[in-house]
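Colleague: Take a look at the following structure, please.
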Amino acid sequence: MTDKTALTPRTHTTPPARFSHGVKKGNILQVAGQVGFLPAEEGKPPTPAGPGLREQTLQTLANVKAILEEGGAGWDDVMMIRVYLTDVAHFAEFNGIYDAYFGEQDLTQPPAARTTVYVGLPAGLLIEIDALAVLG
Amino acid sequence: MTDKTALTPRTHTTPPARFSHGVKKGNILQVAGQVGFLPAEEGKPPTPAGPGLREQTLQTLANVKAILEEGGAGWDDVMMIRVYLTDVAHFAEFNGIYDAYFGEQDLTQPPAARTTVYVGLPAGLLIEIDALAVLG
Amino acid sequence: MTDKTALTPRTHTTPPARFSHGVKKGNILQVAGQVGFLPAEEGKPPTPAGPGLREQTLQTLANVKAILEEGGAGWDDVMMIRVYLTDVAHFAEFNGIYDAYFGEQDLTQPPAARTTVYVGLPAGLLIEIDALAVLG
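Protein chains in written order, with full-length UniProt numbering: chain A, 1 to 136; chain B, 1 to 136; chain C, 1 to 136.
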């Protein structure tokens, strides 16, 4: 049996429940829904980057990337990125941030597929992102 | 060609459309979105467990587990759990139920990754869950 | 290293951001969230099929299928279909359209698993669908 490995970047806040920030098994790596929490500080509650969509989005992408790297992977391995926004009015601004970010990532492979939908999130959170990667 | 197998627990209600409750192909097992319907009874419409979030959540998790087991898998094989709640105010209670449930599952592997978002669901349903597993 | 290939049907509109309509790597094929846009016409903005849910749904399914075929796959390879509707009142009508569509697809394998939730989408869009396939 192939082991399933938990991927837990040292800087990440503790998950609010019994789930892993990421798991890897064989060539499949799944990143849990990440939000724009700043690196954890002992004794402080999880705090999102701010004040706006740009800061939260970039922090969220950094949090996803840290989990990929914990599993020996990177954006080039990602097949699917699921984006959950809270406001349809954010779509154009978000796409600009997304494109600029990935433009700086030195990808050698085509970009991942993506689905973007608009949902409710806990107060203060504007975005959540998860990702599925296939390694090797 | 590897066959895709439908996973249909005997106690499950008939899907409301042409989809499978679960499918397995090679080492990939996908569980369709499950809700908190009680075991099907002939001549009765699908009825969710009740009256509250706890009962629906536990029934939903039982329904997911039944499909995993139909495919020779279990929670240890699950990489990703997608949770759809209808009310942000349910998050803390849901996490408590989730943690207690998985605390009793005798997992030998790290917990799955998870994404939780808040969406609309048909009347009477408070939660929907799907899952992706990698076997072997 | 196995290459990740972008799947870009000739008739598809350009994605609004740096993502691929579909990607394939090894035996995994992921289709990005598709909406009911009619085939792209130069100089015209993306336009959804209309006027109703039926036309958008059928165009969306055709758009998903085109990406599967671009990757040498088809509906029989699909493990999971994620459906995002905007209105719970559309569920019954949507299921009728979905069942009729798949009834005409000459599937030789069991139907895919499915999750359907109700979210916000950009103005004018009633449905979005993505899909995960396992080939071979």
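Just so it is clear, CB atoms sit at the ideal spot from N, CA and C, and this is done for glycine as well.
Owing to the predicted nature of the structure, the values given are computational and were not obtained by experimental measurement.
Touch check for the segment 71-79 of chain C and the segment 97-111 of chain C: three-plus C-beta pairs under 8 Å?
Modeller: Short answer: they touch.
Colleague: Please tell me whether P122 of chain B has its Cβ less than 8 Å away from any Cβ of chain A.
Modeller: Indexing the second sequence from 1 puts residue 122 of chain B at position 122. No, P122 of chain B does not count as interfacial toward chain A.
Colleague: Is V134 of chain A close to chain C? Criterion is C-beta to C-beta, closer than 8 Å.
Modeller: Locating residue 134 of chain A in the first sequence gives position 134, where the first residue counts as 1. It does: the Cβ of V134 of chain A has a partner Cβ on chain C nearer than 8 Å.
Colleague: Helix, strand or coil for G72 of chain B? Go by DSSP, reduced to three states.
Modeller: One-based indexing of the second sequence puts residue 72 of chain B at position 72. It is coil, neither helix nor strand.
Colleague: At least one CB of chain B closer than 8 Å to the CB of D130 of chain C: is that the case?
Modeller: In the third sequence, residue 130 of chain C corresponds to position 130, counting from 1. Output row for D130 of chain C: interface = no.
Colleague: In the DSSP assignment, what residue or residues form a beta bridge with A62 of chain C?
Modeller: Looking up residue 62 of chain C in the third sequence gives position 62. The partner list for A62 of chain C (beta bridge, DSSP) is empty, contrary to what the question assumes.
Colleague: Taking a contact to mean a Cβ-Cβ separation below 8 Å, would you say E55 of chain C touches P9 of chain C in this structure?
Modeller: The residue labelled residue 55 of chain C in the question sits at position 55 within the third sequence. The residue labelled residue 9 of chain C in the question sits at position 9 within the third sequence. Going by C-beta atoms, E55 of chain C is not nearer than 8 Å to P9 of chain C.
Colleague: Between the beta-carbon of T2 of chain A and the beta-carbon of G136 of chain B, is there less than 8 Å?
Modeller: Position 2 of the first sequence holds residue 2 of chain A. Position 136 of the second sequence holds residue 136 of chain B. Result yes, Cβ atoms of T2 of chain A and G136 of chain B sit closer than 8 Å.
Colleague: Please give me, in chain order, every unbroken run of the beta strand (DSSP E) with length at least 3 that falls completely inside the segment 17-50 of chain B.
Modeller: Runs found: 22-25, 28-34.
Colleague: Since T13 of chain C contacts G36 of chain C with CB under 8 Å, what's their CB separation in whole angstroms?
Modeller: Walking along the third sequence from the start, residue 13 of chain C turns up at place 13. Walking along the third sequence from the start, residue 36 of chain C turns up at place 36. That pair is no contact at about 11 Å.
Colleague: I'd like to know if T57 of chain B contacts chain A, where contact means its C-beta is closer than 8 Å to some C-beta of that chain.
Modeller: By one-based count along the second sequence, residue 57 of chain B stands at place 57. Not one chain A Cβ lies under 8 Å of T57 of chain B.
Colleague: Can you tell me which of A:V134, A:H21, A:I127, A:L38 puts its alpha carbon nearest to the alpha carbon of L53 of chain A?
Modeller: Locating residue 53 of chain A in the first sequence gives position 53, where the first residue counts as 1. If we check each option's Cα against that of L53 of chain A, A:I127 comes out closest.
Colleague: Near A131 of chain B, what residues of its chain come up, given a Cβ to Cβ distance below 6 Å and the 5 sequence neighbours on each side ignored?
Modeller: Residue 131 of chain B sits at position 131 when you count from the first residue of the second sequence. Here the set comprises V31, V64, V78, I81.
Colleague: Quick check on D99 of chain C - is its C-beta less than 8 Å from some C-beta in chain B?
Modeller: As a working note, residue 99 of chain C is residue 99 in the third sequence. Yes, contact with chain B.
Colleague: Take every Cβ of the segment 42-50 of chain B, pair it with every Cβ of the segment 113-121 of chain B, and state whether three or more of those distances are shorter than 8 Å.
Modeller: Touching, no, given that fewer than three Cβ pairs across the two stretches are closer than 8 Å.
Colleague: Short check: CB of G38 of chain B to CB of Q59 of chain B, under 8 Å?
Modeller: Walking along the second sequence from the start, residue 38 of chain B turns up at place 38. Walking along the second sequence from the start, residue 59 of chain B turns up at place 59. The amino acid occupying residue 38 of chain B in the given sequence is Leu; Gly does not appear at that position. Yes, these two residues count as a Cβ contact at 8 Å.
Colleague: What's the gap between the Cα of P51 of chain B and the Cα of V23 of chain C?
Modeller: Taking the second sequence and counting its residues from 1, the one referred to as residue 51 of chain B is at position 51. Taking the third sequence and counting its residues from 1, the one referred to as residue 23 of chain C is at position 23. Whole-angstrom Cα-Cα distance: 43 Å.
Colleague: Output, in sequence order along the chain, the residues in the segment 25-37 of chain A whose CB is closer than 7 Å to any CB in chain C.
Modeller: Residues passing the 7 Å Cβ filter: none.
Colleague: For G33 of chain C, I'd like the list of residues in its chain whose CB is within less than 6 Å of its CB, leaving aside the five on either flank, ordered along the chain.
Modeller: For the purposes of this step, residue 33 of chain C is taken as residue 33 along the third sequence, with counting starting at 1. The answer, listed in chain order, is E128, D130.
Colleague: Using beta-carbon positions only, say whether F102 of chain C and R18 of chain B come within less than 8 Å of one another.
Modeller: In the third sequence, counting from the first residue as 1, residue 102 of chain C sits at position 102. In the second sequence, counting from the first residue as 1, residue 18 of chain B sits at position 18. Yes, the Cβ-Cβ distance between F102 of chain C and R18 of chain B is below 8 Å.
Colleague: Could you check the C-alpha separation between P110 of chain C and G96 of chain C for me, to the nearest Å?
Modeller: For this step, residue 110 of chain C is matched to residue 110 along the third sequence. For this step, residue 96 of chain C is matched to residue 96 along the third sequence. P110 of chain C and G96 of chain C: Cα-Cα distance of roughly 18 Å.
Colleague: In terms of DSSP beta bridges, what is R82 of chain A paired with?
Modeller: If you number the first sequence from 1, residue 82 of chain A lands on position 82. DSSP output for R82 of chain A lists A:T115, A:D130 as bridge partner(s).
Colleague: Between which two residues does the alpha helix (DSSP H) carrying A100 of chain C extend?
Modeller: Here residue 100 of chain C refers to the residue found at position 100 when the third sequence is read from its first residue. 91-103 is the extent of the alpha helix (DSSP H) around A100 of chain C.
Colleague: What residue range does the beta strand (DSSP E) around A6 of chain A cover?
Modeller: Position 6 of the first sequence, counted from the first residue, corresponds to residue 6 of chain A. A6 of chain A -> beta strand (DSSP E) spans 4-6.
Colleague: Is it the case that the CB of G71 of chain C approaches a heavy atom of the ligand COA more closely than 7 Å?
Modeller: Summarising the ligand content, the structure contains no ligands, and the ligand COA is consequently not present.
Colleague: From G26 of chain C to V134 of chain A, what distance separates their C-alpha atoms?
Modeller: Residue mapping note: residue 26 of chain C aligns to position 26 of the third sequence, counting from 1. Residue mapping note: residue 134 of chain A aligns to position 134 of the first sequence, counting from 1. Going by the C-alpha atoms only, they are around 8 Å apart.
Colleague: Apart from the five residues on each side of it in sequence, which residues of its chain come closer than 8 Å, Cβ to Cβ, to K4 of chain C?
Modeller: In the third sequence, counting from the first residue as 1, residue 4 of chain C sits at position 4. Within the same chain, K4 of chain C has close Cβ partners V23, K24, K25.
Colleague: At a Cβ threshold of 8 Å, is E116 of chain B touching chain A?
Modeller: To locate residue 116 of chain B, count along the second sequence from 1; it is residue 116. Residue 116 of chain B is actually Thr in this sequence, not Glu. Yes - at least one Cβ of chain A is within 8 Å of the one on T116 of chain B.
Colleague: Taking CB distances under 8 Å as the criterion, tell me whether F19 of chain C reaches chain B.
Modeller: As a working mapping, residue 19 of chain C is identified with position 19 in the third sequence. Closer than 8 Å: no.
Colleague: At a CB-CB cut-off below 8 Å, which residues of chain A make contact with V83 of chain C?
Modeller: Indexing the third sequence from 1 puts residue 83 of chain C at position 83. In chain order: nothing, as chain A lies at least about 11 Å away.
Colleague: Just the chain C side, please: which residues come within less than 7 Å of M80 of chain A by C-beta, in chain order?
Modeller: The count along the first sequence starts at 1 and reaches residue 80 of chain A at position 80. Neighbours of M80 of chain A on chain C, chain order: Q30.
Colleague: At the level of alpha carbons, what is the spacing between T47 of chain A and A123 of chain A?
Modeller: Counting from 1 along the first sequence, the entry for residue 47 of chain A is found at position 47. Counting from 1 along the first sequence, the entry for residue 123 of chain A is found at position 123. Distance between the alpha carbons of T47 of chain A and A123 of chain A: 11 Å.
Colleague: Please list, in chain order, the chain A residues whose beta carbon lies closer than 8 Å to that of G22 of chain C.
Modeller: Position 22 of the third sequence, counted from the start, is the residue given in the question as residue 22 of chain C. Residues of chain A passing the Cβ test: A113.
Colleague: Between A92 of chain C and S20 of chain B, which are expected to be in contact by the criterion C-beta below 8 Å, what is the C-beta distance as a whole number of angstroms?
Modeller: Residue numbering aside, residue 92 of chain C sits at position 92 when the third sequence is read from its first letter. Residue numbering aside, residue 20 of chain B sits at position 20 when the second sequence is read from its first letter. So it is not a contact: roughly 20 Å between Cβ atoms.
Colleague: Among B:Y98, B:V88, B:P16, B:P15, which has the Cα closest to the Cα of A62 of chain B?
Modeller: Position 62 of the second sequence holds residue 62 of chain B. Cα-wise, what sits closest to A62 of chain B is B:Y98.
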